[in-house]
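Let me begin by presenting the structure, written as structure tokens, before commenting on it.
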Amino acid sequence: SIRNFPETCSVLSKMPTRNKKARKMRGHISMGHGRIGKHRKHPGGRGNAGGQHHHRIWFDKYHPGYFGKVGMRHFHWKKNPYFCKTINVNAIVPPKISDADKKAGKVPVLNLSAKGITKVLGQGRMRGACIIKARSCSRLAEESIKKAGGAVVLVP
């Protein structure tokens, strides 16, 4: 009941009673729902009922592939061996180095494996030259890093 849940009161309609359909349709026997078809509770069933029966055409039209199975099953799936934390190239900020190191041609080294990141992906553009150590790297990411003047070192 609404008495137990005062927060639901704000969700209820703010329309004044005089504007409601119930007031306008007074005297019209079927309230605009027709005498023959009648306005019944749930004529097609509740929710997704009849998806493979009387609502099949609708499901096939608007949600193709909703029913059935695809692919092979993997029993006792363990997430750990497949865990692969990723980072995009545009999110990598090369560490600052001193002017003397810059003149000497040194490039900062960023070990992503030590930070728990497994793979480098190539979305965006690299901000500056940097040697990146990671377990794996996509082709696009490697191109972007090399274009910025850096390099990728794959570590186990």
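Sequential numbering of the sequence shown, starting at 1322, is according to the numbering used here. Ideal Cβ positions, reconstructed from N, Cα and C, are used throughout, including at glycine. Bear in mind that the values here come from a model prediction, so they are computed numbers and not experimental data.
*Kindly confirm or deny that the segment 1372–1387 and the segment 1409–1420 touch, where touching means at least three C-beta pairs closer than 8 Å.*
At 8 Å Cβ cutoff, the stretches do not touch.
*Please report the residue range of the beta strand (DSSP E) in which Lys1454 lies.*
Where Lys1454 is concerned, the enclosing beta strand (DSSP E) stretches over 1452–1455.
_Since Leu1475 and Arg1456 should fall inside the 8 Å C-beta cutoff, what is the C-beta to C-beta distance between them, to a whole number of angstroms?_
In this structure Leu1475 is in contact with Arg1456, their Cβ atoms being roughly 7 Å apart against a cut-off of 8 Å.
*Which residues bound the beta strand (DSSP E) around Ile1413?*
Taken as a continuous stretch (DSSP letters only), Ile1413 belongs to no beta strand (DSSP E), as it is neither H nor E.
*Do you know how far the Cα of Arg1356 is from the Cα of Asn1340?*
A straight-line Cα-Cα distance of about 24 Å links Asn1340 and Arg1356.
*Please say whether Ile1452 and Trp1477 have beta carbons closer to each other than 9 Å?*
One point to set straight first is that residue 1477 is Pro, not Trp, in the sequence displayed. Result no, Cβ atoms of Pro1477 and Ile1452 do not sit closer than 9 Å.
*Which value, in whole angstroms, describes the spacing of the CA atoms of Gly1389 and Gln1373?*
Just so you know, the alpha carbons of Gly1389 and Gln1373 end up roughly 11 Å apart.
*Count the CB pairs spanning the segment 1431–1441 and the segment 1400–1410 that are closer than 8 Å, and state whether there are at least three.*
The segment 1431–1441 and the segment 1400–1410 touch, with no fewer than 3 CB-CB distances between them shorter than 8 Å.
*Note down the Cα distance separating Arg1377 from Gly1371, rounded to an integer number of angstroms.*
Rounded to the nearest whole angstrom, the C-alpha separation of Arg1377 and Gly1371 is 7 Å.
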